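First residue of the sequence shown? That's 85 in my numbering, and the numbers climb one at a time after it.
Notes for the one structure printed next.
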Amino acid sequence: MCRHCSQVYLALARVAPRLFGACVVGINGSRHGAEDTWPPFSIMSVSKPFLYALVCQALRPELARRKLGGTGTSLPFDSAMAIDQSPDRMTNPMVNPGALASTSLVPGNSPEARWRFIHKGLSRFAGSQLALDEEVYASARETHHRNQGLAFLLHGLGRLEAEPVLTTELYTRQCSLAVTARELAVMGETLADGGVNPLTGTRVVDAEV
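Have a look at this one:
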């Protein structure tokens, strides 16, 4: 478990530290796992590439790239300095400022419509309906002040496409979805095989994405 996450999100500090599992999924849907591949855990930052893919699918990759950037920061993943040091005030979708900006681009005419887009999309990647870890979610909402600060900073610079509090709420909820090692392996294989889920045969995103 990420040491930073267990310090910021207190519910994660209570997870059994000895849990360990590994799973590999082939493009034909074959699954090979070892040890603890079934206990669910919150997806946290591993949601970033999948959410970015969904945004690229909704906006097209070229537009998403222009709005979110793709430059490495050489700074901590939750750095505000990375935003200030960037000439265009963009980072990339794999660090927290860029991930928040990605979440702000999720389509929907209401908060719940936006959440349905996120939840449905990530579940399609996994090939199963992902559940929200309510304990982690409640814990994260109490301590996500830094992410909220990053969202307000981005908003002030014109780099957030939705209201900062809503964006932080959606991002926190997104990171609190529970997955198993098997489900996460399926998600990775879906990206690796051009956007087609190997278990359901569903195209989640285009091969271009």
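Heads up, the beta-carbon is just placed ideally off N, CA and C, and yes, glycines get one too.
Only a predicted model underlies this, so the values are computations on that prediction, with no experimental measurement involved.
Around the beta carbon of residue 181, 16 or more other beta carbons sit within 10 angstroms, so the residue counts as buried.
Under the three-state reduction of DSSP output, residue 203 falls in the helix class. By the beta-carbon neighbour count (other beta carbons within 10 angstroms, threshold 16), residue 114 is exposed. At least 8 Å separates the beta-carbon of residue 189 from that of residue 261. Contact between residue 174 and residue 138 is ruled out by a C-beta separation of about 19 Å, above the 8 Å threshold.
Two segments are said to touch when three or more pairs of C-beta atoms, one from each, lie closer than 8 Å; by this definition the segment 185–202 touches the segment 245–252. Shown here, residue 156 sits in coil according to DSSP, grouped into three states, outside any helix or strand.
The residues 134, 209 and 210, in chain order, have a CB closer than 7 Å to that of residue 271 in the same chain once the five nearest residues on each side in sequence are set aside.
Here the segment 275–289 makes contact with the segment 100–113; the two share three or more CB pairs at distances below 8 Å.
In the three-state reduction of the DSSP assignment, residue 276 falls in the helix class, which pools H, G and I. In this structure, residue 124 and residue 264 form a Cβ contact; the two beta carbons are roughly 5 Å apart against a cut-off of 8 Å. Apart from sequence neighbours up to five positions away, the residues of its chain that approach residue 143 with a beta-carbon distance below 8 Å are 151 and 189, ordered along the chain. Beta-bridge partners of residue 107 (DSSP): 117.
Annotation: the continuous beta strand (DSSP E) that includes residue 262 extends over 261–263.
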